[in-house]
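One structure below.
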Amino acid sequence: MSAMILSALTIAVCVLLILLIRTLHLALLHSQEVEEQLEVLAVTDQLTGLPNRRAFDLALASEMQRAARHRTPLAVLLIDVDHFKRINDRHGHGVGDVVLTRVARQLARSIRRPGDFAARYGGEEFVAILPATDVAGATFIAERMRSAIESMKPCPTEPSLENVTISIGVAVDQIEPSSPPSLLVNRADRALYDAKGGGRNRVVVFPQDETASAVGTPALVACETHRTKGDSRRPAGT
């Protein structure tokens, strides 16, 4: 009788151990899933679903190393929603959030190669990285973005908001191993400043150097011909 009890206890202990091991295994898997989800959240913009500034910084550093190693050009596009403060002031922050979400969606659709990268840079600014892309290619993609935003319906629930436009600064360069991460971003920012100062709703390319400026200028002219005729707006607000 005691042998039967001992055998039953042994079986029970084994079953409990198996259940405990299984429970611990499931808990470990769940912990790993939670950790992975937190890692994704850490590099994702919660409003638009695009990668965030941190993700962009990591991607830019990686792509600059790759571009320097393979001696290929790298392009950065800095994108700003025109008159976004006015949209928030007139229509409310809820509408502003919808606009940012729809802009983000259109920008993501405008870059189609697997290696291309779009992110929310902060506020109403977005940014894109285009590996192995020259001035002509970057300008073409930037114009595709500009045109897509101009033609989209920015907020279906707000009929009075007829259209939204963006300004884009483009910087392209042959990256060297010593090139700082801020190189292309600063140049794209200067080009964006010129785009907004020149009337907005346009693409401006930062000249690579004095000889390359002749390449950037025709690209800028080509983009400006796609603007709405008679648009003579000047900077007013953000």
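Note that the sequence shown covers residues 1 to 238 in UniProt numbering. No residue lacks a Cβ here, since even glycine has one placed at the ideal position from N, Cα and C. Note that the coordinates shown come from a computational prediction; the quantities given were computed from them, not determined experimentally.
Closest in alpha carbon position to Leu100, among Asp134, Ile166, Leu74 and Ile111, is Ile166. The stretch 158-175 makes contact with the stretch 183-192, as at least three CB pairs between them are under 8 Å. DSSP places Gly96 outside any beta strand (DSSP E); the residue lies instead in the alpha helix (DSSP H), whose first and last residues are His93 to Ser110. Phe84 and Met152 have their C-alpha atoms roughly 16 Å apart. Put simply, of Ser62, Leu107 and Gly94 the residue whose alpha carbon is nearest the alpha carbon of Leu77 is Leu107. The three-state secondary structure of Asp89, taken from DSSP, is helix. In the structure shown, Ala132 falls within a coil segment according to DSSP collapsed to helix, strand and coil. The bridge partners DSSP lists for Phe117 are Ile129. Around the beta carbon of Met4, fewer than 16 other beta carbons sit within 10 angstroms, so the residue counts as exposed. Shown here for His91: same chain residues with a beta carbon closer than 8 Å to its own, the five before and five after excluded, namely Cys155, Glu158, Ser160 and Leu161 in chain order. For Asp194, the enclosing alpha helix (DSSP H) starts and ends at Ser182 to Gly197. Only buried fits Asn201, as 16 or more other CB atoms lie within 10 angstroms of its CB. Rounded to the nearest whole angstrom, the CA to CA distance from Val135 to Ile111 is 15 Å. For Val172, the beta-bridge partners assigned by DSSP are Ala75. Look at Asp57 here: in three-state DSSP terms it is helix. Membership of Val204 in the beta strand (DSSP E) is indicated by the continuous run Val203 to Val205. Between the C-alpha atoms of Asp89 and Gln65 there is a straight-line separation of about 42 Å.
Remark: C-beta atoms of Glu143 and Val203 approach each other more closely than 7 Å. DSSP lists Val81 as the beta-bridge partner residues of Ile166.
When the beta-carbon positions are compared, Gly169 and Ala132 stay at least 7 Å from each other. Excluding five sequence positions before and after Ala75, the CB atoms of its chain that fall closer than 6 Å to its own CB belong to Leu130, Thr133, Ala138 and Val172, given in chain order. Taking the C-beta atoms as reference points, Arg105 is found no nearer than 7 Å to Asp45.
Contact annotation, Ile79 with Met145: C-beta distance approximately 7 Å; criterion of less than 8 Å satisfied.
Taking 7 Å as the cut-off, the beta carbon of Phe117 is found closer than this to the beta carbon of Ala59. Shown here, Thr10 sits in a helix according to DSSP, grouped into three states.
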